[in-house]
Amino acid sequence: MKAKVYPLSSQKNIKMEIPPSAKMLHYAIICASIAKGTSVLKNVNYNRNILDTIQWCKQMGATIKQEKNRLTIHGVNNQIHLTNNVFETKASRYTFLYMLPLLSLSHHPIIFKTPSSAIIEQANPYKYIFEKENLYYHVENQTIKIEQAIKSGFIYINGHDNASLILGLLLALPLLNTGSKIVVRAPVTEKEDIEQFINLLKKFGIHIVFNTSNHTIEIMPNQSFKAYSFSIETDYYLLSLCTVLNQFSGVVNFIHVNKKSSGTDYLLLQQLKEFNIEWNNRFLNPKKRKELHLTKVDVSIYKKVFPLLLVLALFNKNAVTFTHLDSSSTIQKQLKIMLNVFDVLEVEYQQQENELLVFPKQIQNKKQLDCQKDPYIAIVLSLLAVISKTPLIIKNCQCIDYVFEGFYRQIQNFGSIVEFIHD
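First residue of the sequence shown: 1, per this note's numbering; consecutive thereafter.
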């Protein structure tokens, strides 16, 4: 499916509802599903990835009642009882990575399926952990099969881009009869997220010690999850992407936004301030908007908002240099997609071995852009259309529903026209 997204028809005050943190909501649903008792989670939404986690937790034996903005979850009292041993997800890496070790505790063969080879690759450290203990872990195409429960003890894992796997281990290991120690090899990315989720686990009754000086995590045995009710915080990653509207499209009031968080995505908002990009809605006047301050961008620091900054470079006064393009495989994939987009838009850029120089460009001709099923790039390209001089067609736009259900509806609510084209 394609979306033809038009520029805003007028400058006006806008209300935009940012969904809850995806990774926090996934984790909370799983914790509540394991726990003894009934938990109520508020400020929820039901994008396709969240629905996968809900389905997996139901297969695990949890009773889950879905309402408009809340979930009522009656957990399995720390005992996994499978109703089906085949677990499928199309694109939800959090569902897959958080739940794989936990579901192994059913002591039954489990089959995990996903069409995403990237998710299978991300789960590779689990393969090493299982096989080190002579546990069956078989990968074939886009399927993983395990037959035995994960074991406690010393577990070594690379700290670079493996926060989701570490958090998956922290759901399973406390339930075992003997203690465990996770040794996280430096550098540890998203350390703040690990600390934030350990604090969340404490509220669900699970106590874990994270020694940040030597990067070790100690898990005591024979623990039990207990019910806990709370409101899920804002998805600051999506909020950081939508800050572009504040720069170009009138005053945007982002509603249901928490004031502060200890997670890494919240830090993105602080980082964007360095480029004169802010989400605070009080200072803006569309006739006196602040100029962007983009000169040189270290991608290893701003990798989460890399596609957004590439787009904003087109509106900068001068050319922008992006460095450290080899900081991750994700950056390499996104760069390839975005350079294809730039070629279509006839954007002038110069690429060297590990740097990219992007020149300003006013988008005035209608083009079709392919996000290649990356939902975050689809959002960024849609926002580019909103602030450009001409409509743009976003190919494979349906992938946005995996992370931001109702995104185009909100875009339409504040003055942009969106026409859907079915292939």
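Glycine included, each C-beta is placed from N, C-alpha and C at the ideal position. Predicted model only: the values in this text are computed from it and were never measured.
Only exposed fits N214, as fewer than 16 other CB atoms lie within 10 angstroms of its CB.
Just so you know, the alpha carbons of S382 and H81 end up roughly 43 angstroms apart.
In the three-state reduction of the DSSP assignment, I277 falls in the coil class, being assigned neither a helical nor a strand state. Where N158 is concerned, the enclosing beta strand (DSSP E) starts and stops at F154 to N158.
In the DSSP assignment, L171 falls within the unbroken alpha helix (DSSP H) covering A163 to A172. Sequence-distant partners of L268 (beyond 5 residues in either direction) whose C-beta falls short of 7 angstroms from its own C-beta, in its chain, are Y236, Y237, S240, K304 and V305. Partner residues in the beta bridge of L356, as assigned by DSSP, are F322 and Q351.
The shortest C-alpha to C-alpha distance from P360 to any of L335, E346, I379 and K317 is the one to K317. By a beta-carbon distance limit of 8 angstroms, S104 does not contact A62. Their separation comes to about 17 angstroms. Proximity of the segment 125-132 to the segment 197-212 falls short of the contact definition, fewer than three beta-carbon pairs being nearer than 8 angstroms. Here the alpha carbons of I166 and I219 stand approximately 12 angstroms from one another.
A distance below 9 angstroms separates the beta carbons of I155 and L169. DSSP, read as helix, strand or coil, puts N258 in coil. Nearest C-alpha to E67 among G75, Q79 and L51: L51. Comparing alpha-carbon positions, the option among D326, G263, Q350 and I387 lying closest to S21 turns out to be G263. Taking the Cα positions, S388 is about 36 angstroms away from K42. Boundaries for T178: no beta strand (DSSP E) harbours it, and the DSSP string shows neither H nor E there. Contact between A123 and I146 does not hold, since their C-beta atoms are separated by about 11 angstroms, which reaches or exceeds 8 angstroms.
Of the candidates T83, K58, N78 and Q79, the residue whose Cα lies closest to the Cα of T72 is K58. Exclusion of the five residues before and after F210 leaves I194, E195, I198 and I217 as the residues of its chain whose Cβ lies within less than 7 angstroms of its Cβ.
The DSSP-derived three-state label of N396 is coil. Considering only G153, S106, A91 and A186, the residue with the shortest C-alpha distance to Q142 is A91. Residue pairing by DSSP places M16 opposite F254 in a beta bridge. Bridge partners of L82 according to DSSP: none are assigned.
From the listed residues K23, Y46 and A28, the smallest Cα separation to T38 is found for A28.
Annotation: the continuous alpha helix (DSSP H) that includes N246 extends over Y236 to F248. Of all C-beta pairs linking the segment 319-339 to the segment 402-413, fewer than three are shorter than 8 angstroms, placing the two stretches out of contact. D265 has its alpha-carbon roughly 16 angstroms from the corresponding atom of F254. CA-CA distance, P391 to N365, rounds to 8 angstroms.
Along the segment 25-80, the alpha helix (DSSP H) occurs as fully enclosed runs of 4 or more residues at 48-59, listed in sequence order. In the three-state reduction of the DSSP assignment, A378 falls in the helix class.
The beta carbons of N354 and D374 sit no closer together than 9 angstroms. Per DSSP, reduced to three states, the secondary structure at K367 is strand. A straight-line Cα-Cα distance of about 43 angstroms links L384 and A227.
The beta carbons of L335 and L312 sit about 16 angstroms from each other, so the pair does not count as a contact at 8 angstroms.
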